[in-house]
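Residue numbers (the working numbering), protein chains in the order written: chain Y, 1017 to 1482; chain L, 1498 to 1784. Presented below is the structure to which this report refers.
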């Protein structure tokens, strides 16, 4: 029918590039995890931990995350609106501008040009590139939706629209800075205000980049993979509005016990706990959509990735509120527990859903059947095991570290010096580094499988526009 | 109906995210960094200190070091007085960090002498054997640029003199980094306030007890040897070979440190361990 209309070339290009940046992120992640145990692996000045860690996070969040969201949003928006993209030319320009931005980001971060703000390290000229990129993307998505040929707007489109406006507001406010030169600027906010604005941004980047886009994708890909519709449209409506309303109150849970006003911290703590409800609204919606379909966990590798993904989302959104409680934060904040938490979200939830989505896209963008399902299963187990070892070892490390930091002698003195606590972490850091290698191996198999699919998979014809 | 109108949905979503934003992000500006927060002793960074701060940002030190001390017992014992909002009013951006792979630095200023920082920054593992901090010796290689620094001070609206700027020309990034370290958290006189005044006579509970020497030796190796030498021969700190102070005085000195001399206070080790250290320092050499 409308076979030739949809633009799949742009989807394919974004998929390919985002996987490349994802690989960069994982490689850098593995390198810096070894740097923590072998400080000689720091090669000053460009390849030190302090400069590489922002590269790891930026390549992961913006290269792999946002890059693949571009691909999937463009794929999904065309299907849900039953029309081609509003502008193919704009999308093509966006692709090259996206890659230029990521390359500029990587180079400048290694050169030491950064604002120091977590997940917003890029200096002002690249901030401007990011804004242009986002405006182009937003216009294309919004215009495609406005000019759609399907009356209904499926829930995925709502999550997309919220993402567009959420990221725009967050990024622009947190980017306010006064340039000194092309490579250096100072924040428009000072001290405690700057911290509060930064974590309002930082935490809601988790909402608007690492939650709403994967949910948009999950709500589309899960029914497509299982062949049965989502359990409850009403539940998804309630979860959507309460999620985007409550998230924005919670940034200061990153700043418990700091000089940020107490009432801001308390509100953040309360809303963090309340966020369990909308988060689990989506988790339940996912689980209940599997009613009568659980056998697909054995038979359908896509479902495995998706259900494990939403399960990690559920665990993540229980653990997060726990950490947002003052007394628990006093114990666990600043320890290795936190990277353990974060990586369950990124390696577990977000990446699992994205792996499923890319496998789902593979026949549709390469025009060939997936080269090997057994390899996809192997990929699944390697990333699952790698991620579990990562998170569990870091949680144990965090608890031990926190226990030692706070341990007191009967005379009221500290039981351990800082170095005594640090040396206890080396075994855990070794384990974490190797868990990264396992994960990297899984992603290597994923990439190999895709390359083989594109080059020598069995051609498909009918599936392309399904 | 709104679920079929994308522009309306966009506006409603914007309104939903702005409520929490206005209350928890915009509203606090009415309290934070106002006169109520102001601390008279806290001063802006000098050109040299600000250059050091910029190196700290460039090298991403904030990825491993925090700069906020929470009002928790263990934390104030380990790092010093808890952080106050007024101490950060000149920080653009803030550098509170989120992970303590290394120790908190909010009050590192004045803890050690300059020489300690120069040596540690150039070769951390050489000084603290099991440390995993990268070496930053290359900071010695780059000189500062007074003109660039002037532009920075103007943007930040900090006071400066031309002499301060001219002096930068023969300073290195390492000098700047050390100057920044010494400024951190040191504007308010918290070290003086934290000192313990001992009333009456002090008695060494381990007097003549050689069984505590191994414990004392281990404490010396961990906390003292980097500055005073493995064999008491001195280095950053003075030679201790002919240390001759009464036990009580030595105890007070270790407990409170010497603020002017840049010797850290070891009261956080607790009375017991400080006495063991005293015993080791004074009597082990004669055995």
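Yeah, the Cβ is synthetic: ideal placement off N, Cα and C, and Gly gets one too.
*Note down, in chain order, every chain L residue with its Cβ under 8 Å from the Cβ of residue 1065 of chain Y.*
Numbered from its first residue, the first chain carries residue 1065 of chain Y at position 49. The contacting residues are 1557, 1560, 1561 and 1631.
*If contact means a Cβ-Cβ distance below 9 Å, which residues of the stretch 1028–1040 of chain Y contact chain L?*
Against chain L - using a Cβ distance shorter than 9 Å - the stretch 1028–1040 of chain Y contributes no residues.
*Taking residue 1767 of chain L as the query, report the chain Y residues whose CB atoms sit under 8 Å from its CB, ordered along the chain.*
Along the second chain, read from residue 1 onward, the residue named residue 1767 of chain L stands at position 270. Within chain Y, the residues near residue 1767 of chain L are 1425, 1427, 1428, 1429 and 1430.
*Considering only residues of the same chain and omitting the five flanking positions on each side of residue 958 of chain Y, which have a CB-CB separation below 6 Å?*
Absent from the model: residue 958 of chain Y. The displayed extent of chain Y is 1017 to 1482, so no value can be given.
_Rounded to whole angstroms, what is the Cα-Cα separation between residue 1578 of chain L and residue 1154 of chain Y?_
One-based indexing of the second chain puts residue 1578 of chain L at position 81. One-based indexing of the first chain puts residue 1154 of chain Y at position 138. Answer to the nearest angstrom: the Cα atoms are 48 Å apart.
*Say whether the stretch 1068–1076 of chain Y touches the stretch 1040–1051 of chain Y, bearing in mind that this needs 3 or more beta-carbon pairs closer than 8 Å, one atom from each stretch.*
Output reads yes: the stretch 1040–1051 of chain Y touches the stretch 1068–1076 of chain Y.
*Let me know the secondary structure DSSP gives residue 1481 of chain Y once reduced to three states.*
Mapped onto the first chain, residue 1481 of chain Y falls at position 465. The predicted model places residue 1481 of chain Y with a pLDDT of 48, which falls under 50 and marks its position as unreliable; any figure quoted below should be read in that light. Residue 1481 of chain Y falls in the helix class under three-state DSSP.
*In terms of residues, what are the limits of the alpha helix (DSSP H) holding residue 1200 of chain Y?*
Taking the first chain and counting its residues from 1, the one referred to as residue 1200 of chain Y is at position 184. Following the DSSP letters along the chain, one finds residue 1200 of chain Y in no alpha helix (DSSP H) but inside the beta strand (DSSP E) bounded by residues 1200–1203.
*If you draw a straight line from the C-alpha of residue 1360 of chain Y to the C-alpha of residue 1313 of chain Y, how long is it?*
In the first chain, the residue the question calls residue 1360 of chain Y occupies position 344. In the first chain, the residue the question calls residue 1313 of chain Y occupies position 297. Spanning the two alpha carbons is a distance of roughly 21 Å.
*Given that residue 1684 of chain L touches chain Y, what residues does it touch there, using C-beta distances under 9 Å?*
Here residue 1684 of chain L is taken as the residue at index 187 of the second chain, counted from 1. Neighbours of residue 1684 of chain L on chain Y: none; closest Cβ ~13 Å, over 9 Å.
_According to DSSP, simplified to helix, strand and coil, what is residue 1495 of chain L?_
The requested residue 1495 of chain L is not part of the displayed model; chain L covers only 1498 to 1784.
*Indicate whether residue 1340 of chain Y and residue 1269 of chain Y have their beta-carbon atoms separated by less than 9 Å.*
If you number the first chain from 1, residue 1340 of chain Y lands on position 324. If you number the first chain from 1, residue 1269 of chain Y lands on position 253. Yes, the pair counts as a contact, with Cβ atoms nearer than the cut-off.
*What's the C-alpha gap between residue 1727 of chain L and residue 1700 of chain L?*
For this step, residue 1727 of chain L is matched to residue 230 along the second chain. For this step, residue 1700 of chain L is matched to residue 203 along the second chain. The alpha-carbon separation between residue 1727 of chain L and residue 1700 of chain L amounts to approximately 27 Å.
*asked:* Short of 6 Å in beta carbon distance, which residues of its chain neighbour residue 1076 of chain Y, apart from the five on each side in sequence? Order them along the chain.
replied: Stepping through the first chain from its first residue, residue 1076 of chain Y is reached at position 60. Contacts found: 1041.
*Candidates Y:1193, Y:1442, Y:1355 and Y:1398: closest to residue 1408 of chain Y by CA position*: Sequence index remark: in the first chain, residue 1408 of chain Y carries index 392 (1-based). It is Y:1355 whose Cα lies nearest to the Cα of residue 1408 of chain Y.
_Same chain only: Cβ atoms within 7 Å of residue 1775 of chain L, ignoring 5 sequence neighbours per side_ = Locating residue 1775 of chain L in the second chain gives position 278, where the first residue counts as 1. Closer than 7 Å at Cβ, skipping near neighbours: 1701, 1744, 1747, 1748 and 1751.
_Looking at the strands, I want to know which residues DSSP matches up with residue 1424 of chain Y._
Along the first chain, one-based indexing puts residue 1424 of chain Y at 408. Looking at the DSSP output, residue 1424 of chain Y shares a beta bridge with Y:1430.
*From this set, L:1581, L:1760, L:1762 and L:1719, which residue's C-alpha is nearest residue 1624 of chain L's C-alpha?*
Indexing the second chain from 1 puts residue 1624 of chain L at position 127. Considering only alpha carbons, the answer is L:1719.
*Taking the continuous alpha helix (DSSP H) assigned at residue 1379 of chain Y, which residues delimit it?*
Position 363 of the first chain, counted from the first residue, corresponds to residue 1379 of chain Y. Residue range 1367–1382 is occupied by the alpha helix (DSSP H) that includes residue 1379 of chain Y.
*Consult DSSP for residue 1294 of chain Y and reduce its assignment to one of helix, strand or coil.*
Along the first chain, one-based indexing puts residue 1294 of chain Y at 278. Here residue 1294 of chain Y sits in helix by DSSP.
_So for residue 1021 of chain Y, helix, strand or coil by DSSP?_
As a working mapping, residue 1021 of chain Y is identified with position 5 in the first chain. In the structure shown, residue 1021 of chain Y sits in coil (DSSP, three-state: anything other than H, G, I, E or B).
_Run of the beta strand (DSSP E) containing residue 1556 of chain L, from where it starts to where it stops_ = As a working note, residue 1556 of chain L is residue 59 in the second chain. Here residue 1556 of chain L belongs to no beta strand (DSSP E), and DSSP marks it neither H nor E.
*Alpha carbon to alpha carbon, how far is residue 1378 of chain Y from residue 1393 of chain Y?*
As a first step, residue 1378 of chain Y is located in the first chain; it is residue number 362 there, counting from the start. As a first step, residue 1393 of chain Y is located in the first chain; it is residue number 377 there, counting from the start. Answer to the nearest angstrom: the Cα atoms are 15 Å apart.
_Uninterrupted alpha helix (DSSP H) stretches inside the stretch 1521–1568 of chain L (no shorter than 4 residues)_ = Those alpha helix (DSSP H) runs which fall completely within the stretch 1521–1568 of chain L and span 4+ residues are 1544–1555.
*Would you tell me roughly how many angstroms separate the C-alpha atoms of residue 1244 of chain Y and residue 1305 of chain Y, rounded to the nearest one?*
As a first step, residue 1244 of chain Y must be located in the first chain, where it is residue number 228. As a first step, residue 1305 of chain Y must be located in the first chain, where it is residue number 289. Computed Cα separation, rounded: 7 Å.
*Along the stretch 1121–1132 of chain Y, what residues have a CB closer than 8 Å to any CB found in chain L?*
Within the stretch 1121–1132 of chain Y, the residues whose Cβ lies closer than 8 Å to some Cβ of chain L are 1128, 1129, 1130, 1131 and 1132, listed in chain order.
*On the three-pair Cβ rule with 8 Å, is the stretch 1565–1572 of chain L touching the stretch 1652–1669 of chain L?*
Flag = no, the stretch 1565–1572 of chain L and the stretch 1652–1669 of chain L do not touch.
*asked:* Quick check: what's the CA-CA separation for residue 1329 of chain Y versus residue 1722 of chain L?
replied: The residue you call residue 1329 of chain Y lines up with position 313 of the first chain. The residue you call residue 1722 of chain L lines up with position 225 of the second chain. In this structure, the alpha-carbon of residue 1329 of chain Y lies about 49 Å from that of residue 1722 of chain L.
*Backbone CA spacing between residue 1177 of chain Y and residue 1254 of chain Y [nearest angstrom]*: Taking the first chain and counting its residues from 1, the one referred to as residue 1177 of chain Y is at position 161. Taking the first chain and counting its residues from 1, the one referred to as residue 1254 of chain Y is at position 238. C-alpha separation (whole angstroms): 16 Å.
*Answer with yes or no whether the minimum CB distance from residue 1776 of chain L to chain Y is below 9 Å.*
As a position in the second chain, residue 1776 of chain L is number 279, starting the count at 1. The beta carbon of residue 1776 of chain L does not come within 9 Å of any beta carbon belonging to chain Y, so the residue lies off that interface.
_Neighbourhood of residue 1591 of chain L by C-beta, 7 Å cutoff - its chain only, sequence neighbours within 5 removed_ = Working through the second chain from its first residue, we reach residue 1591 of chain L at position 94. Within the same chain, residue 1591 of chain L has close Cβ partners 1585.
*Which first and last residues belong to the beta strand (DSSP E) in which residue 1476 of chain Y is found?*
In the first chain, counting from the first residue as 1, residue 1476 of chain Y sits at position 460. Counting along the chain, residue 1476 of chain Y falls outside any beta strand (DSSP E), and DSSP gives it neither H nor E.
*List, in order along the chain, the chain Y residues whose C-beta lies closer than 7 Å to that of residue 1613 of chain L?*
Start at 1 with the first residue of the second chain, and residue 1613 of chain L comes out as number 116. Annotation: residue 1613 of chain L has no Cβ neighbours in chain Y at a cutoff of 7 Å; minimum Cβ distance is about 15 Å.
*Would you grab the beta carbon distance between residue 1113 of chain Y and residue 1148 of chain Y for me? Rounded to a whole angstrom, and I think it's under 8 Å.*
To locate residue 1113 of chain Y, count along the first chain from 1; it is residue 97. To locate residue 1148 of chain Y, count along the first chain from 1; it is residue 132. Correct: roughly 7 Å between the Cβ atoms.
*Are the CB atoms of residue 1429 of chain Y and residue 1769 of chain L nearer to each other than 9 Å?*
Within the first chain, the letter at position 413 stands for residue 1429 of chain Y. Within the second chain, the letter at position 272 stands for residue 1769 of chain L. Yes. Within cutoff.
*In chain order, which alpha helix (DSSP H) runs of at least 4 residues are fully inside the stretch 1695–1764 of chain L?*
Taking only runs of at least 4 residues, the alpha helix (DSSP H) segments lying wholly in the stretch 1695–1764 of chain L are 1710–1720, 1722–1725 and 1744–1753.
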